[in-house]
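For the protein sequence lines, the chains are W and A, in the order given. First residue of the first sequence: 66, per my numbering; consecutive thereafter. First residue of the second sequence: 2, per my numbering; consecutive thereafter. Before any comments, here is the structure.
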Amino acid sequence: MLELDDLCKHFDGIRAVDGLSLKIERGEVFGLIGPNGSGKSTTVNLICGVFPATRGTVTLAGRNLGGLPPHRRLNAGISRTFQNIRLFGELTVWQNLWIARRDAPSEETGFMKNWFGSSARIREAIDETLEFAGLAGRANDLAQNLAFGEQRRLELARAVSARPQLILLDEPAAGMNREEVEDLKQRILTLKNSGITVLLVEHVMELVMGVTDRIAVLNFGKRIALGTPGEIQGNDAVREAYLGSPDVDIAEGSRHA
Amino acid sequence: MAYYFGLLQTIGIHTLLGLSAYILLLTGQLSLAQVGFFAIGAYVSGILTVIFEYHIVPGLFAGALAGGFFAFLVGFPALRIKGLMLVVATIAFSEIVRLFFFNLNWRVMVNGVEVGPDSTQGFREIRFYAANGWDTLDVVLFIWLFVILIMAMLWWLDRVRAGATLRAVGADELAAQSSGVNIVAVKVAAMTFGGVIAGLAGGLYAHSATYVDHLTFSVLLATFAVAYPILGGLSSVFGTLIAVIFIQGVLIEGMRFLGDWRNIFFGLLIIVAMNFRPAGLLDGNVVAQILRIVGRGKGSDGERHA
């Protein structure tokens, strides 16, 4: 599905991502964790094409994405959410999804229809996505007027609206309470069941451990561990990197970190 | 009466000029190049109706296309830069255009009279309306036909995906790109459409004034072009119209009795207006209220979905 090969990003001599290689399988929920500054967000930005890689390749379903700008990577099948919420505040919830909506060429009648027309089928599809995100009642509210939790869900809904093969969630649970995290967990599993591959970057361990199939751990831009949640929790090197001591339990400790 | 007709012509033309900057402001770009496209439209349509004796409609059409064409060309390099650098670059473009027309000398004999742009003396013989027996009311109606047409187009644009996309680029470029929006294409399209509107406004201006010279197309006019939509607010296309009426009708014409003091009050009143209504005279809340009153508020389903 998604393959990173020897991916590097250097900022003025700082090696934010340093030779990262990963292979994410179709349909899995893949966790990417690591201490602050370990290169997780940079990796997400490299996959999305926000900036070019210093070295290495990003391949999606066999297609090398090198050099493609972000909007073309979305068309290739990758959508994302942002760690710090970035909605179109002065547009309605519904319009936020409408902008990101992508349909296969065969389903659309062309440029004019796409930009200046409207079709009942697309309206229904957007309403369905709103339903999935629990925002059906807020379709006509301005995005900036939503509560924090709703804005987080709108970020997710907007990314889903693009009908991606792969969705990148950059700390979607940041600032959420326990019920909201549980709620998000269910939504991620719903995405998985509908066949979407998920790359989850997250600090909230109860979410990562509860929802992922496999996890990679980054430190100083390098991968220091790869395995199932159970294997990662038992990994001494990970505990050391994450909490400075191999004696602390990851799932408990980092929620308060 | 002639005075009010004259004022109505000015308001119509300046509304178009303001709307040409409005569409670009929706994408978050502040351009002072609109006056350059305005000048191109004025000269191109004037040359066509005077030297080539075209009817005014194809003349205006060609002026608008010329404005759009140059906006398209300027769009690619200009929109790779942002903020203050874009302001400086677009001023430079407008000055290049102004100096080109300052030096343009193209005098030809038409029906026994020498006509055409005469460099520093300006371009004096743009008399299509008088020569074809249009009276002032005809001209007012002609201009406002275009104002209504362009405003209707922009109003409709806000209700389709293309318009929402313009605003998305203005709100957050990275989020727009990550939502699949090609921001360079969107900005160049907005620039081109803005150039078309400015070119059209320039053609209408040249034929109303019957005389244009380089001094008309100063940085001051470029500032007015962006001041109208900013003062009026970007929530609705009507904000620009209201700002033009406020500035041209109330501040400039309404305070003539103040004599030289007018210029001082002019600046002062704009500062006061921006302080009381920082999001524009017609901000989002006012627009929402008006929509509710006419029964098509944001709560109603068809409005935003259509």
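All C-beta atoms, glycine included, are put in the ideal place defined by N, C-alpha and C.
Please list, in chain order, the chain A residues whose beta carbon lies closer than 7 Å to that of W:R167.
For the purposes of this step, residue 167 of chain W is identified with residue 102 of the first sequence, where counting begins at 1. Chain A residues near W:R167: G181.
Which same chain residues, not among the five before or five after A:N106, have their C-beta less than 7 Å away from its C-beta?
Along the second sequence, one-based indexing puts residue 106 of chain A at 105. Excluding residues within five positions, the ones whose Cβ falls inside 7 Å are P118, D119, S120.
Could you spell out the range, first to last residue, of the beta strand (DSSP E) harbouring A:M110?
Mapped onto the second sequence, residue 110 of chain A falls at position 109. Per DSSP, A:M110 belongs to the beta strand (DSSP E) from 109 to 111.
For a test of the three-state rule: what should DSSP assign to A:G255, helix, strand or coil?
The residue given as residue 255 of chain A occupies position 254 in the second sequence. Three-state DSSP puts A:G255 in coil, outside helix and strand.
Exposed unless 16 or more other CB atoms sit within 10 angstroms - verdict on W:N179
Here residue 179 of chain W is taken as the residue at index 114 of the first sequence, counted from 1. Flag for W:N179 reads buried.
Taking 8 Å as the cut-off, decide whether the C-beta atoms of W:L256 and W:L152 are in contact.
Here residue 256 of chain W refers to the residue found at position 191 when the first sequence is read from its first residue. Here residue 152 of chain W refers to the residue found at position 87 when the first sequence is read from its first residue. The answer is no: Cβ separation not under 8 Å.
Three or more C-beta pairs under 8 Å: does that hold for the region 190 to 202 of chain A against the region 67 to 81 of chain A?
Of all C-beta pairs linking the region 190 to 202 of chain A to the region 67 to 81 of chain A, three or more are shorter than 8 Å, placing the two stretches in contact.
How big is the Cα-Cα spacing for W:L67 and W:G92?
The count along the first sequence starts at 1 and reaches residue 67 of chain W at position 2. The count along the first sequence starts at 1 and reaches residue 92 of chain W at position 27. Taking the straight line joining both Cα atoms gives about 11 Å.
Per DSSP, what are the beta-bridge partners of A:D119 in this structure?
One-based indexing of the second sequence puts residue 119 of chain A at position 118. A:N106.
Mind checking the region 203 to 231 of chain W against chain A and listing, in chain order, the residues whose C-beta falls within less than 7 Å of any C-beta there?
Residues of the region 203 to 231 of chain W whose Cβ lies closer than 7 Å to any Cβ of chain A, in chain order: N205, R223, A227.
Distance, A:I246 Cα to A:I271 Cα
As a first step, residue 271 of chain A is located in the second sequence; it is residue number 270 there, counting from the start. As a first step, residue 246 of chain A is located in the second sequence; it is residue number 245 there, counting from the start. So the two alpha carbons sit approximately 13 Å from each other.
With a threshold of 6 Å on Cβ separation, who are the neighbours of W:D201 within its own chain once the five nearest residues in sequence on each side are excluded?
What you label residue 201 of chain W is simply residue 136 of the first sequence in a count that begins at 1. The displayed chain sequence assigns Ala, not Asp, to residue 201 of chain W. Counting only residues of its own chain and dropping the five nearest sequence neighbours on each side, W:A201 has a CB closer than 6 Å to the CB of L195.
Please classify W:H136: is it buried, with 16 or more other beta-carbons within 10 angstroms of its beta-carbon, or exposed?
Here the question's residue 136 of chain W lines up with position 71 in the first sequence. Burial call: buried.
When we look at the beta-carbon of A:F38 and count the other beta-carbons within 10 Å, is it buried (16 or more) or exposed?
On the second sequence, position 37 is the one that residue 38 of chain A refers to. A:F38 should be labelled buried.
Between A:Q290 and chain W, is there a C-beta pair that is closer than 8 Å?
By 1-based counting over the second sequence, the position of residue 290 of chain A is 289. No, no contact with chain W.
Report the neighbours of W:R151 on chain B: residues whose CB is nearer than 7 Å to its CB, in chain order.
Structure shown: chain B not included; protein chains present are W and A.
For W:G84, does the three-state DSSP call read helix, strand or coil?
Translated into the one-based positions of the first sequence, residue 84 of chain W becomes position 19. The answer is strand: DSSP assigns W:G84 an E or B state.
Kindly indicate the opening and closing residues of the alpha helix (DSSP H) around A:R162.
Along the second sequence, read from residue 1 onward, the residue named residue 162 of chain A stands at position 161. DSSP places A:R162 inside the alpha helix (DSSP H), whose first and last residues are 162 to 172.
Is the distance from the Cβ of W:R279 to the Cβ of W:G292 below 8 Å?
Your numbering for residue 279 of chain W matches position 214 in the first sequence. Your numbering for residue 292 of chain W matches position 227 in the first sequence. Contact flag set, yes.
For a contact defined as C-beta to C-beta under 7 Å, what are the partners of W:M154 on chain A?
By one-based count along the first sequence, residue 154 of chain W stands at place 89. According to the sequence shown, residue 154 of chain W is Gly rather than Met. Here the neighbours are A172.
Using alpha carbons as the reference points, say which of A:V36, A:G203, A:D173, A:F103 lies closest to A:V148.
Here residue 148 of chain A refers to the residue found at position 147 when the second sequence is read from its first residue. The shortest C-alpha separation from A:V148 is found at A:G203.
Look up W:H75 in the DSSP assignment and give the residues it is bridged to.
On the first sequence, residue 75 of chain W is found 10 positions in, with the first residue counted as 1. The partner list for W:H75 (beta bridge, DSSP) reads W:R80.
Report the option in A:S95, A:I198, A:N183 whose CA atom is closest to the CA atom of A:M152.
For the purposes of this step, residue 152 of chain A is taken as the residue at position 151 of the second sequence. If we check each option's Cα against that of A:M152, A:I198 comes out closest.
Environment of W:W163 [buried if 16+ CB atoms lie within 10 Å]
Against the first sequence, residue 163 of chain W aligns to sequence position 98. Result: buried.
9 Å Cβ cut-off: residues of chain W touching A:G285
Sequence index remark: in the second sequence, residue 285 of chain A carries index 284 (1-based). Residues of chain W passing the Cβ test: E155, L207.
Length of the line joining the Cα atoms of A:W156 and A:L150
Counting from 1 along the second sequence, the entry for residue 156 of chain A is found at position 155. Counting from 1 along the second sequence, the entry for residue 150 of chain A is found at position 149. Straight-line Cα distance between these residues: approximately 10 Å.
Alpha carbon to alpha carbon, how far is W:L233 from W:T146? Give it in angstroms, no decimals.
What you label residue 146 of chain W is simply residue 81 of the first sequence in a count that begins at 1. What you label residue 233 of chain W is simply residue 168 of the first sequence in a count that begins at 1. W:T146 and W:L233: Cα-Cα distance of roughly 6 Å.
For W:I98, name the three-state secondary structure that DSSP assigns.
Here residue 98 of chain W refers to the residue found at position 33 when the first sequence is read from its first residue. The answer is strand: DSSP assigns W:I98 an E or B state.
Burial state of A:I294 (16 or more Cβ within 10 Å):
Locating residue 294 of chain A in the second sequence gives position 293, where the first residue counts as 1. Per the 10 Å Cβ criterion, exposed.
Identify the residues that DSSP records as bridge partners of W:K287: which are they?
For the purposes of this step, residue 287 of chain W is identified with residue 222 of the first sequence, where counting begins at 1. DSSP output for W:K287 lists W:N284 as bridge partner(s).
Where W:E267 and A:I24 are concerned, what is the direct C-alpha to C-alpha distance, given to the nearest angstrom?
The residue you call residue 267 of chain W lines up with position 202 of the first sequence. The residue you call residue 24 of chain A lines up with position 23 of the second sequence. Pairing W:E267 with A:I24, the inter-Cα distance amounts to about 39 Å.
Selected residue, minimal CA-CA separation from A:A132, among A:L31, A:L269, A:L18, A:S209:
Residue 132 of chain A sits at position 131 when you count from the first residue of the second sequence. For A:A132, the nearest C-alpha among the options comes from A:S209.
Which residues, in order along the region 106 to 119 of chain W, keep a beta-carbon less than 8 Å from a beta-carbon of chain A?
Listed by position along the chain: C113, V115.
First and last residue of the beta strand (DSSP E) that includes W:T124?
As a first step, residue 124 of chain W must be located in the first sequence, where it is residue number 59. 120 to 125 is the extent of the beta strand (DSSP E) around W:T124.
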